[in-house]
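One structure is given here, and the rest of the page talks about it.
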Amino acid sequence: MFKNLLCSDNYIDFLDKNTNLSRLKVIQLGYELQAGSYEKNYNYNNLMQKRVKILIDNINKILDKNEFCNILEVGIGEGNTMRHLIENIDKNILNKINFYGIELSFSRLKICKKHIPNCNLFVSDMNNLPFDNNIFDIVYTASSIEPNIDNEENILKELYRICKYRIILFEISYKDASINLKNRFAYHKYIKYLYETIKKLKYNLIEYNELETTDTYNNYLYLIEKNIDDNMLTDNIDIKNKLISPIFNDKLKYIIYNNSKFYKSLNLNLYFPIIDEIPILLIDNSIIIT
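Numbered per numbering that gives the first Met the number 0, the sequence shown spans residues 0 to 289.
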């Protein structure tokens with residue numbers, strides 16, 4: 000089966016149809032197998048230019064009020080969007096921005112770290128984000144929610160929980176897709192109800208705009224504003240003091256044990272390994288040490 004997997008056009012589709020793995024594990028393995036493919040297609044195309052402009056505009060709005068801006072990309076992949084953002088933003092404000100990224104695939108994060116070494120990276124699942132509440136000024140995604148069919152509500156709640164001001168989603172729209180696109184999205188098990196779930200949760204969707212539509216894909220901006228007091232100043236946060244366990248949500252403490260680096264749950268003997276300076280904060284990768 001492995002040979003057939005490697006010869007398939009879509010790893011995620013193949014794993015979904017030929018294994019009993021959970022959807023999350025299918026996505027993780029699919030991303031591991033295709034690591035490097037996005038790096039090869041690093042391109043500042045029209046869609047990317049629109050995304051970067053939107054991100055820069057929102058960063059500037061934060062910095063008009065606050066001294067720092069903490070920005071997190073959920074599903075950073077190999078870092079293409081954030082690389083373009085860093086390359087095109089005013090260099091005079093770079094020292095006022097703290098960049099963070101989480102990704103399900105360790106292999107993709109290794110590629111990302113090579114290109115943007117100053118970005119704080121974590122292996123994590125967007126369903127169980129390992130951060131305290133209200134610590135990132137901007138949380139954004141770039142097509143990373145897309146394969147998580149029927150899981151829109153849980154993901155949105157997690158993004159909302161950790162965000163202080165604005166959530167920026169660059170994602171597909173099933174609602175406004177053509178019949179052909181809807182059929183394609185359904186075949187690949189893409190999300191269907193992102194817009195409707197935002198409305199159901201009564202989040203403040205201040206913008207919903209089409210960015211691009213082709214014969215095989217569309218991409219829309221969903222801009223959510225969180226109702227937090229504008230007078231809350233943004234700290235230049237030390238992320239090590241803001242991490243929580245993805246299992247019980249208790250605080251994590253950075254430790255060295257037997258010459259290896261870990262984050263340890265303060266209430267339990269759960270250890271999360273740090274490999275090549277990248278914390279692995281997944282439920283499946285925790286270690287019990289007694």
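Ideal Cβ placement from N, Cα and C applies to all residues, glycine included.
In this text, all values refer to a predicted model and were calculated from it rather than measured experimentally.
Limits of the alpha helix (DSSP H) - the one that residue i falls within
{"i": "T213", "result": "Neither: T213 is in no alpha helix (DSSP H) and is coded neither H nor E."}
{"i": "A185", "result": "178 to 186"}
{"i": "K109", "result": "105 to 114"}
{"i": "I255", "result": "Here I255 belongs to no alpha helix (DSSP H); instead the beta strand (DSSP E) covers 251 to 256."}
{"i": "N79", "result": "79 to 87"}
{"i": "K16", "result": "10 to 17"}
Contacts around residue i, its chain only, beta-carbon distance under 6 Å, and the 5 residues preceding and following it disregarded
{"i": "I254", "result": "F261, K263"}
{"i": "C6", "result": "none"}
Helix, strand or coil at residue i [DSSP, three-state]
{"i": "I282", "result": "helix"}
{"i": "E66", "result": "coil"}
{"i": "N203", "result": "strand"}
{"i": "K241", "result": "coil"}
{"i": "Y173", "result": "coil"}
{"i": "N3", "result": "helix"}
{"i": "L265", "result": "coil"}
{"i": "N248", "result": "coil"}
{"i": "L93", "result": "helix"}
{"i": "G194", "result": "A small fix is needed here, since residue 194 is Tyr in this sequence, not Gly. Of the three classes helix, strand and coil, the one that applies to Y194 here is helix, per DSSP."}
{"i": "I288", "result": "coil"}
{"i": "I26", "result": "helix"}
Segment limits, beta strand (DSSP E) that includes residue i
{"i": "E102", "result": "96 to 102"}
{"i": "L139", "result": "According to the sequence provided, residue 139 is Tyr. The question's Leu does not apply to it. Segment 135 to 141, the beta strand (DSSP E) holding Y139."}
{"i": "F121", "result": "119 to 122"}
{"i": "Y159", "result": "Not the beta strand (DSSP E): Y159 falls in the alpha helix (DSSP H), residues 151 to 161."}
Spatial neighbours of residue i in its chain, beta-carbon cut-off 8 Å, leaving aside the 5 residues before and after
{"i": "K95", "result": "L62, E66, F67, C68"}
{"i": "I243", "result": "P129, F130, D131, D249, K250, L251"}
{"i": "K294", "result": "Residue 294 is absent from the model: the chain starts at 0 and stops at 289."}
{"i": "D119", "result": "Contrary to the premise, residue 119 reads as Asn rather than Asp in this sequence. N97, F98, Y99, G100, I238."}
Given residue i as reference, the closest of the options once Cα atoms are compared
{"i": "L23", "options": "N127, N257, E224", "result": "N127"}
{"i": "K239", "options": "L200, Y173, N79, L280", "result": "L280"}
{"i": "I55", "options": "R82, S259, G76, M125", "result": "R82"}
{"i": "L222", "options": "N203, K60, T213", "result": "N203"}
{"i": "Y194", "options": "A185, R183, N182, N208", "result": "N208"}
{"i": "Y219", "options": "C118, K174, I178, L120", "result": "K174"}
{"i": "R160", "options": "E224, Y37, Y41", "result": "E224"}
{"i": "K90", "options": "I58, N119, K188, A141", "result": "I58"}
{"i": "R50", "options": "K188, N284, A141", "result": "A141"}
{"i": "N147", "options": "Y256, F184, N133", "result": "F184"}
{"i": "N268", "options": "Y256, I288, N284", "result": "I288"}
Spatial neighbours of residue i in its chain, beta-carbon cut-off 7 Å, leaving aside the 5 residues before and after
{"i": "I92", "result": "L62"}
{"i": "Q27", "result": "L103, S104"}
Checklist entry - Which runs of the beta strand (DSSP E), 3 residues or longer, sit entirely within the segment 29 to 76? => result 68 to 73
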